[in-house]
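In case it helps, the working numbering puts the sequence shown at residues 555 to 722.
For glycine and all other residues, C-beta sits at the position ideal for the given N, C-alpha and C.
Here the structure is laid out as C-alpha cells; the discussion comes afterwards.
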Amino acid sequence: MILYGLVSFVFLTAYVWRFSFVWEFLFSVTHYIIGLLAILAFGLNFTYKMDKKHGAKLKRYVWISIMQLIIIWVVSNPIRTWQIESSKNKAGQIIESLETYKMQNDSYPASLAELDNKLNLDLPKRTNIGTKYLYTPYSDENYSLAFTSYYGYMASYYNEQGEWGFTD
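Quick look at the structure:
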C-alpha cells in the first residue's frame, strides 16, 4: 500500500503540474478536473463492486488517491502564488538592468543576450516555474518583459505602465 501511495502521489502531482500550464485541454482546464474526478469516481465504484464480490480491499487504494489529489490541490494554490511572485521578483533584476542599460546607451537593448553581454551580467533566463522570460523592445523606446504562468496566463510587464498584468 505504501508503494502504491508513493507511485500514485508522483503520478497525480505530475498530472496536476502538466495541466497547470494548459488552458485549453479540449475546451478548458475544467475538463481535466471533471475528467479526473470522473475517473476516480469510476474507480471507487469499480473497487466497491470488486470488494463486495471478491472480498478484496481495493477501495482504500482509490481513497488514498482521492485524498492525495485533494492535498495536492489545496497545497498547489499557495505554491502557485509564491512561484508567480518570486518569478516577478527575479524579473526585477532584468528590469533594473534594462533601465541601467538605457541610461548608459540612450536606448534599450535589442535582446536580453545583448543586455547580458554589454553589462556583463548573469541575469535569470527562466522563471521559478521553468518558463523563459520573453523580452520585446518597441520602436517607441518602450519594452515588455513577459513569462508564461499557470493555466496559460501570460504575465507581462510594460515599462511605460510600470506594473505587471495577466492575460490569457
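{"Query": "Could you pull the DSSP bridge partners for threonine 614 from this structure?", "Result": "It is worth fixing the name first, because residue 614 is arginine in this sequence and not threonine. Answer by DSSP bridge pairing: none, since arginine 614 is not bridged."}
{"Query": "Return helix, strand or coil for glutamate 650, following the three-state DSSP convention.", "Result": "helix"}
{"Query": "Taking one C-beta from the region 666–683 and one from the region 641–657 each time, how about it: are there three or more such pairs within less than 8 Å?", "Result": "yes"}
{"Query": "Excluding five sequence neighbours on each side, which residues of the same chain lie with their C-beta closer than 7 Å to the C-beta of threonine 602?", "Result": "The identity of residue 602 in the sequence shown is tyrosine, whereas the question assumes threonine. Hits under 7 Å: Lys613."}
{"Query": "Are the region 656–669 and the region 612–626 in contact at 8 Å, needing three or more beta carbon pairs?", "Result": "no"}
{"Query": "In terms of residue numbering, what span does the beta strand (DSSP E) encompassing alanine 700 cover?", "Result": "697–702"}
{"Query": "Over the uninterrupted alpha helix (DSSP H) stretch that includes alanine 709, give me the two end residues.", "Result": "That residue, alanine 709, is in no alpha helix (DSSP H); its beta strand (DSSP E) goes 708–712."}
{"Query": "Can you pull the DSSP bridge partners for glycine 719?", "Result": "Ser710"}
{"Query": "Does the Cβ-Cβ distance between isoleucine 638 and leucine 699 come in under 8 Å?", "Result": "no"}
{"Query": "Anyone know if the C-beta pair for serine 661 and glutamine 622 falls short of 8 Å?", "Result": "no"}
{"Query": "Give the secondary structure of threonine 690 by DSSP, where H, G and I count as helix, E and B as strand, and everything else as coil.", "Result": "strand"}
{"Query": "Please report the distance separating the alpha-carbon of serine 651 from that of methionine 657.", "Result": "10 Å"}
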